[in-house]
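7 is the number of the first residue of the sequence shown in our numbering; add one for each residue after it.
Note that CB positions come from ideal geometry on N, CA and C, so glycine has one too.
These figures come from a predicted structure and were not determined experimentally.
Worksheet: the structure to be examined is printed underneath.
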Amino acid sequence: MTRFVTCLPTTRSRALSALRCASRAPHFNGDNRMTIPMNRRRFLAHSAMGMGLMAMPTTALSMVSNLSFATSPLTQNRLLFVLLRGGVDGLTAVAPTGDPDYERVRGVLAVERDRMTALADGYALAPGLSPLAEFWNRDELAVVHGVAVPNRSRSHFEAQAVLETGLDRPVGASDGWLNRLLGVLDGSNNAGIAVGAGLPRSLIGDAQVSSWSPAQLGTVEDAYLERLHLLYRSDPELLDQFEAALSQRVIASGLADESMTGKGPGDRSSVDGLFRATAKLMSAESGPNVAAMEMSGWDTHANQGSAGGALDRLFARLASGLAAYRDEMGESWPGTTVVVMTEFGRSVRPNGARGTDHGTAGAAFVLGDGIGTRKIITDWPGLGDKQLFEGRDLRPTIDSRAVLKGVLAGRFDLTKGQLNKVFPGAADVTAIDILS
7 MTRFVTCLPT TRSRALSALR CASRAPHFNG DNRMTIPMNR RRFLAHSAMG MGLMAMPTTA
67 LSMVSNLSFA TSPLTQNRLL FVLLRGGVDG LTAVAPTGDP DYERVRGVLA VERDRMTALA
127 DGYALAPGLS PLAEFWNRDE LAVVHGVAVP NRSRSHFEAQ AVLETGLDRP VGASDGWLNR
187 LLGVLDGSNN AGIAVGAGLP RSLIGDAQVS SWSPAQLGTV EDAYLERLHL LYRSDPELLD
247 QFEAALSQRV IASGLADESM TGKGPGDRSS VDGLFRATAK LMSAESGPNV AAMEMSGWDT
307 HANQGSAGGA LDRLFARLAS GLAAYRDEMG ESWPGTTVVV MTEFGRSVRP NGARGTDHGT
367 AGAAFVLGDG IGTRKIITDW PGLGDKQLFE GRDLRPTIDS RAVLKGVLAG RFDLTKGQLN
427 KVFPGAADVT AIDILS
């Protein structure tokens with residue numbers, strides 16, 4: 007087969023803790039995430055933006071000036087980047103059923119063919135991902151298989167750092183490729199937001215971004231907000247960011263109570279609800295046009311299961327969330343692209359615990375109306391014993407930056423020069439033609 011074509015304070019006590027950790031070196035937390043040290047200005051800026059995470063009283067909104075994130079919701083281009091932390095088994099997500107070695111090497115993890123949703127060219131979706139067939143049938147889905155970050159590491163921390171910075175190794179600039187993207191977009195089209203707990207490394211950098219997550223902390227008193235307003239008033243940059251956070255709260259008003267339950271049963275941790283909340287934020291008249299989300303739990307070392315198993319249930323939550331996002335975007339869906347990636351794939355063969363170990367290449371998804379025609383993008387390496395990378399993993403044939411470059415070039419009409427600013431050191435990586 008060939009190629010077709012962080013320290014984010016939300017309370018005063020957390021703020022003090024954040025100040026104490028601001029000068030520390032980068033470290034990794036229990037969620038396989040790297041936190042980046044902050045200087046005073048970055049800390050204060052994130053403190054201001056952190057206010058958007060809280061439930062604010064109505065009277066506090068009187069401090070909001072005339073603010074806007076971007077242009078008209080029906081004309082701007084939008085990008086949602088979804089990071090699946092932990093390393094997704096791409097051979098289960100999109101099974102290469104046309105490969106003669108598929109059942110042999112997958113063993114107990116091989117999904118029955120009649121349980122999967124056939125796509126094309128010998129590939130099929132896992133049962134839990136069957137809702138993505140609707141995107142496929144509408145020519146709104148591209149599957150990229152055999153994709154990997156350019157650095158050959160099976161470390162969560164290193165691979166995530168490479169993916170989120172857009173660099174070729176887990177060192178160098180601490181800013182993220184999404185933040186650099188905001189820096190190259192024109193002034194009316196450069197607002198970014200993180201939806202969920204904390205600020206992902208992909209959005210860290212010089213460009214102003216904000217964050218939102220379901221309010222868990224109760225109402226913030228007016229007097230406290232007024233004191234913060236006075237504190238930031240002497241610094242125009244910080245004041246703008248503080249007021250932007252309050253403005254964001256206006257947009258997000260009601261999301262925690264309404265969207266987090268979706269249109270049916272659910273709770274505040276609902277994946278559907280987070281996707282719907284993201285759509286509400288991005289489709290608002292003053293909503294951001296670049297957003298980042300993440301899902302964890304993909305590190306399936308044991309009891310991964312097959313159809314209906316633990317991994318498949320995660321797939322079902324992801325697919326349902328993506329469908330909810332499209333539904334909530336409504337008339338703003340045209341011009342929107344969603345990219346779903348993970349830091350690496352899994353081992354081809356199951357391990358002794360009926361799971362999989364850290365691997366190399368895997369699968370990625372690109373969704374949106376700009377796909378033009380449904381497609382499988384791959385330079386399939388094969389699953390034969392001699393075809394595997396280091397005798398155990400799917401061999402990588404596509405650079406993750408080639409996928410991201412193709413999306414950015416198609417969605418935002420970026421030049422090669424601009425793409426090289428977003429992905430420094432990747433001038434020799436050719437963008438894949440994904441969007442029409």
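Cutting at 7 angstroms between CB atoms, please list the residues of its own chain near residue i, excluding the five before and the five after it.
{"i": "L187", "result": "V296, L414, V428"}
{"i": "R175", "result": "N157, V168"}
{"i": "L317", "result": "D95, T98, T306, Q310, G311"}
{"i": "R319", "result": "G134"}
{"i": "R332", "result": "W339"}
{"i": "Q424", "result": "V190"}
{"i": "W142", "result": "L125, R380"}
{"i": "L245", "result": "Y238, R239"}
Identify, in the order they occur along the chain, each residue of the same chain with its Cβ nearer than 6 angstroms to the Cβ of residue i, setting aside the five sequence neighbours on each side.
{"i": "G113", "result": "P356"}
{"i": "A433", "result": "N426"}
{"i": "G378", "result": "S442"}
{"i": "G36", "result": "Low confidence applies to G36: its pLDDT is 43, below 50, so where it sits in the model is not reliable enough to give any reading."}
{"i": "S136", "result": "T123"}
{"i": "Y230", "result": "none"}
Apart from the five residues just before and just after residue i, which ones in its own chain have a Cβ nearer than 8 angstroms to its Cβ?
{"i": "G351", "result": "G93, V94, D95, G96, L97, A154, G365, T366, A367, G368, A369, D399, L400"}
{"i": "G397", "result": "D391"}
{"i": "G412", "result": "A437, I438, D439, I440, L441"}
Please determine, among the options, the residue with the shortest C-alpha to C-alpha distance to residue i.
{"i": "I210", "options": "G314, T171, G303, R239", "result": "T171"}
{"i": "G152", "options": "T421, I438, L410, I404", "result": "I404"}
{"i": "T348", "options": "D333, D107, L324", "result": "L324"}
{"i": "D127", "options": "R319, S276, V149", "result": "V149"}
{"i": "D363", "options": "R319, W339, T379, W304", "result": "W304"}
{"i": "H162", "options": "S136, L135, S302", "result": "S302"}
{"i": "S326", "options": "G104, E140, R360, E337", "result": "E140"}
{"i": "G341", "options": "G314, G416, S136, F281", "result": "G416"}
{"i": "K392", "options": "S159, P220, V354", "result": "V354"}
{"i": "W386", "options": "Q82, G202, P106", "result": "P106"}
{"i": "R360", "options": "T103, R91, L115", "result": "L115"}
{"i": "G198", "options": "A213, V190, D192", "result": "A213"}
{"i": "L328", "options": "I438, S276, V190", "result": "S276"}
{"i": "A283", "options": "G315, A330, K411, E291", "result": "A330"}
{"i": "G314", "options": "K422, G376, R121", "result": "R121"}
{"i": "G104", "options": "D246, Q82, A130", "result": "A130"}
{"i": "D192", "options": "S406, G431, A285, F418", "result": "F418"}
{"i": "P5", "options": "R160, L138, L173, Y230", "result": "Because residue 5 is not part of the residues shown, which for the chain are 7 to 442, the question remains open."}
{"i": "Q82", "options": "E232, S406, S292, V435", "result": "S292"}
{"i": "S208", "options": "L138, Y230, S180", "result": "S180"}
Should residue i and residue j be called a contact, given that it needs their Cβ atoms to be closer than 9 angstroms?
{"i": "L89", "j": "M299", "result": "yes"}
{"i": "A101", "j": "V117", "result": "yes"}
{"i": "L147", "j": "L373", "result": "yes"}
{"i": "F371", "j": "A132", "result": "no"}
{"i": "I440", "j": "I383", "result": "yes"}
{"i": "L86", "j": "V345", "result": "yes"}
{"i": "S216", "j": "G204", "result": "no"}
{"i": "P220", "j": "G182", "result": "no"}
Run the CB neighbour count on residue i, radius 10 Å, all protein chains shown included, and call it buried at 16 or more, exposed below.
{"i": "R84", "result": "buried"}
{"i": "T343", "result": "buried"}
{"i": "Q166", "result": "buried"}
{"i": "P402", "result": "buried"}
{"i": "P242", "result": "exposed"}
{"i": "N185", "result": "buried"}
{"i": "R239", "result": "exposed"}
{"i": "R119", "result": "exposed"}
{"i": "E164", "result": "buried"}
{"i": "L308", "result": "The sequence shown places Ala at residue 308, rather than the Leu named in the question. A308 is exposed by the Cβ-count criterion."}
{"i": "R91", "result": "buried"}
{"i": "V177", "result": "exposed"}
{"i": "G358", "result": "exposed"}
{"i": "R144", "result": "exposed"}
{"i": "A200", "result": "buried"}
{"i": "A447", "result": "Outside the displayed span of the chain (7 to 442) sits residue 447, for which this structure offers no information."}
{"i": "R160", "result": "buried"}
{"i": "R233", "result": "exposed"}
Assuming residue i and residue j form a contact by the criterion Cβ under 8 angstroms, report the distance between their Cβ atoms to the nearest whole angstrom.
{"i": "L389", "j": "Y108", "result": "6 angstroms"}
{"i": "L287", "j": "G202", "result": "That belief does not hold up - the Cβ atoms of L287 and G202 are roughly 12 angstroms apart, past 8 angstroms."}
Chain B beta carbons: is any one of them nearer than 9 angstroms to that of residue i?
{"i": "R91", "result": "Of the protein chains in this structure there is only one, and it is not chain B."}
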